[in-house]
Amino acid sequence: MTRFVPHYVGGKPLESTGGRVADVFDPSTGAVQARVPLATADEVRAAIDDAAAAQPAWAATSPQKRARVMMRFVELAHQNMDELARLLSSEHGKTFEDAKGDVIRGLDVIEFCIGAPHLLKGEYSAEVGTGIDVYSMRQPLGVVAGITPFNFPAMIPLWKAGPALASGNAFVLKPSERDPSVPVRLAELFREAGLPAGVLNVVHGDKEAVDTILTDPRIQAVGFVGSTPIAEYIYATATANGKRAQCFGGAKNHLVIMPDADLDQAADALIGAGFGSAGERCMAISVAVPVGQETADALVAKLTERIGRLRVGPGSQDDVDYGPLVTAAAKARVEGLIQEGVDAGASLVTDGRGLVVSGHESGFYLGPTLFDHVTTDMSIYREEIFGPVLSVVRAADYEEALALASDNPYGNGVGIFTRDGDAARDFAARVNVGMVGVNVPIPVPIAHFTFGGWKASGFGDLNQHGADGFRFYTKTKTVTSRWPSGIREGASFVMPSTT
Ligand code: NAD
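Position 87 (the sequence shown) corresponds to 87 in UniProt numbering; numbering is contiguous.
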């Protein structure tokens with residue numbers, strides 16, 4: 001019997017009545033393991049009804065009590081960690097340990113949200129004029145929404161829902177339809193942790209569900225993460241409908257390797273950041289930029305040797321470095337791009353196509369692929385591949401490497417490996433990219449900082465999590481008060497000022 005993944009609305013699982021469904025695969029075998037409903041506009045509106053009904057009481061709950069729900073949720077998520085990671089790995093394909101990392105990086109942000117009482121504190125100035133005090137408060141927006149990608153089915157929903165809920169909003173989550181089960185489990189655990197029914201709703205779906213969220217006047221803000229064309233569409237449509245929007249898109253992350261770098265360290269970093277999670281990370285390194293011919297030759301040799309030792313297989317197996325891609329379509333797309341690289345004249349050092357994992361012949365596996373002598377006009381350089389493919393673009397000197405990363409249309413993450421502090425400082429200051437790693441290949445900022453790319457990697461003016469997460473999901477109210485006499489002097493027709 002096929003398993004059906006329900007929506008989660010009004011504090012309980014909800015079967016869909018719409019009729020349209022999508023397959024959820026087990027990428028390690030290629031088999032369909034479940035079906036997920038694609039919500040109708042009416043179903044989404046019903047979830048928004050529930051959220052709108054539940055929100056005022058949640059907003060009136062003290063921030064400290066809301067924070068305690070977050071605390072209990074973190075505890076419950078840890079108690080259920082193995083189950084969550086197994087479920088996540090079985091629908092996404094990433095390894096069990098990597099799936100745990102997906103959940104834990106999400107929980108980091110929920111732990112940060114436990115500080116909501118402090119983060120929601122306003123400002124206060126006494127005596128700005130005679131007998132006049134001014135203070136500000138942060139208030140929730142109302143009902144807000146998150147639309148999230150397949151590649152971090154726990155972390156990104158938690159990055160969105162955590163600050164929104166801790167601030168007193170009700171939240172409607174539209175997760176990826178490709179790995180929908182973990183978001184539902186997270187909503188169940190929030191409920192078990194004490195979140196009132198209706199405050200967090202999960203509706204599955206595609207464009208119809210998304211467009212309903214983008215146009216319903218009750219939704220005040222939309223947080224999106226996914227590919228750049230959809231991010232642009234969501235940003236334009238949400239803002240045209242009067243909503244706040246923060247939309248994070250695709251990436252093409254470069255790692256610059258200076259001649260003085262420890263090349264073994266750099267090669268290890270590139271292997272993990274390029275091929276981990278089958279390259280399906282927005283912070284994956286997909287472009288290695290060695291500076292100078294000698295560095296490039298030595299680096300490519302070290303990478304080739306390490307690639308030979310990589311183990312690809314089902315994410316549930318302990319001895320595997322990375323698992324399959326998420327769907328057959330994703331695999332076919334990456335294979336097509338590899339062929340385009342070959343046709344464009346890049347040197348194919350290792351070819352991951354045709355990999356067969358014994359016992360899992362129908363799984364969506366792709367071996368590690370390394371291209372050398374890639375140039376900026378090739379599609380393998382211009383497009384986000386989102387697969388286990390690393391391209392080496394050789395730079396003659398530091399300035400050329402810096403310009404390459406800065407001029408790329410994407411600006412999510414970038415790294416530099418060097419032993420020279422001056423080069424590292426200069427690079428961090430000048431590179432036109434939102435998140436920078438110095439001898440760190442995947443510079444995902446910790447929860448109390450903020451996460452966000454620049455250029456085609458991010459639309460909107462506030463980042464995710466950290467203080468920005470709370471700013472995005474709250475509005476500031478400023479109160480000017482005068483006590484106790486009232487306006488004894490009668491009406492004033494002059495603009496008040498402090499002079
Ligand atoms: P995607 O854009 O295909 O889907 C993201 C979400 O949008 C999903 O919920 C999906 O159902 C919805 N969607 C898809 N097509 C739509 C349409 N036509 N209209 C309305 N909604 C639509 O992205 P994905 O394949 O799930 O995720 C991978 C992408 O996400 C990569 O590009 C990756 O770089 C990016 N990503 C970015 C970040 C970041 O922080 N910048 C983080 C993770 C992933």
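Each residue gets a CB set at the ideal place from its N, CA and C atoms; glycine is no exception. Note that this is a predicted model, so its numbers are computed, not measured.
With 16 other Cβ atoms within 10 Å as the buried cut-off, status of residue i
i	result
Asp-264	exposed
His-78	exposed
Val-494	exposed
Trp-159	buried
Met-1	exposed
Trp-483	exposed
Val-192	Residue identity differs from the one stated: residue 192 is Glu in this sequence, not Val. By the 10 Å Cβ count, Glu-192 comes out exposed.
Asn-55	According to the sequence provided, residue 55 is Gln. The question's Asn does not apply to it. With 16 or more other Cβ atoms within 10 Å, it is buried.
Val-479	exposed
Arg-382	exposed
Gly-421	exposed
Tyr-322	buried
Thr-376	exposed
Tyr-365	buried
Asp-260	exposed
Arg-66	buried
Val-128	exposed
Val-74	buried
Ala-39	buried
Ser-277	buried
Pro-496	exposed
Ser-62	exposed
Glu-91	buried
Pairwise C-alpha distance: residue j and residue i
i	j	result
Ala-467	Val-103	21 Å
Ala-221	His-360	43 Å
Pro-445	Ala-34	34 Å
Arg-309	Ser-457	33 Å
Ile-219	Gly-142	8 Å
Val-291	Ser-391	14 Å
Tyr-473	Val-199	14 Å
Ala-266	Trp-454	25 Å
Leu-186	Arg-45	22 Å
Arg-425	Ala-31	49 Å
Val-182	Asp-319	24 Å
Pro-117	Gln-64	6 Å
Ser-481	Met-137	13 Å
Asn-169	Ala-57	10 Å
Ala-491	Gly-131	17 Å
Tyr-235	Ser-358	44 Å
Asn-412	Leu-325	22 Å
Lys-475	Ala-164	12 Å
Gly-345	Val-334	17 Å
Ala-47	Glu-97	34 Å
Ser-167	Leu-76	21 Å
Gly-93	Asp-133	57 Å
Ala-301	Thr-295	10 Å
Ile-307	Phe-275	9 Å
Ala-240	Gln-246	13 Å
Thr-304	Gln-464	36 Å
Phe-248	Phe-4	30 Å
Ile-416	Thr-17	52 Å
Asp-268	Pro-443	15 Å
For residue j and residue i, believed in contact at Cβ under 8 Å, the rounded distance
i	j	result
Leu-270	Ala-238	Actually they do not touch by this definition, with Cβ atoms about 37 Å apart.
Phe-153	Gly-363	The residue asked about is misnamed: residue 153 is Pro in this sequence, not Phe. Not confirmed; about 19 Å, so no contact.
Val-393	Leu-402	Not really, about 13 Å apart at Cβ, beyond 8 Å.
Ser-286	Val-414	About 11 Å separates the two Cβ atoms, so there is no contact after all.
Val-210	Pro-149	Going by Cβ atoms, the distance from Val-210 to Pro-149 rounds to 12 Å, so no, they are not a contact pair.
Phe-171	Val-203	Phe-171 to Val-203, Cβ: 11 Å. No contact.
Thr-369	Asp-397	Rounded, the Cβ-Cβ distance is 28 Å, inconsistent with contact.
Asp-372	Ser-406	Not really, about 22 Å apart at Cβ, beyond 8 Å.
Gly-378	Gly-341	In the sequence under discussion, the amino acid at residue 378 is Met, which differs from the Gly named in the question. Yes, Met-378 and Gly-341 are in contact; Cβ-Cβ is about 6 Å, under 8 Å.
Asp-50	Val-21	Incorrect: roughly 22 Å between the Cβ atoms, too far for contact.
Beta-carbon proximity of residue i to residue j, cut-off 8 Å
i	j	result
Gly-367	Val-433	no
Phe-386	Gly-315	no
Thr-418	Met-258	yes
Arg-281	Asn-151	yes
Ala-231	Phe-459	yes
Ile-110	Gly-194	no
Val-36	Pro-157	no
Arg-244	Val-24	no
Lys-252	Asn-408	yes
Ala-41	Thr-212	yes
Tyr-135	Gly-250	no
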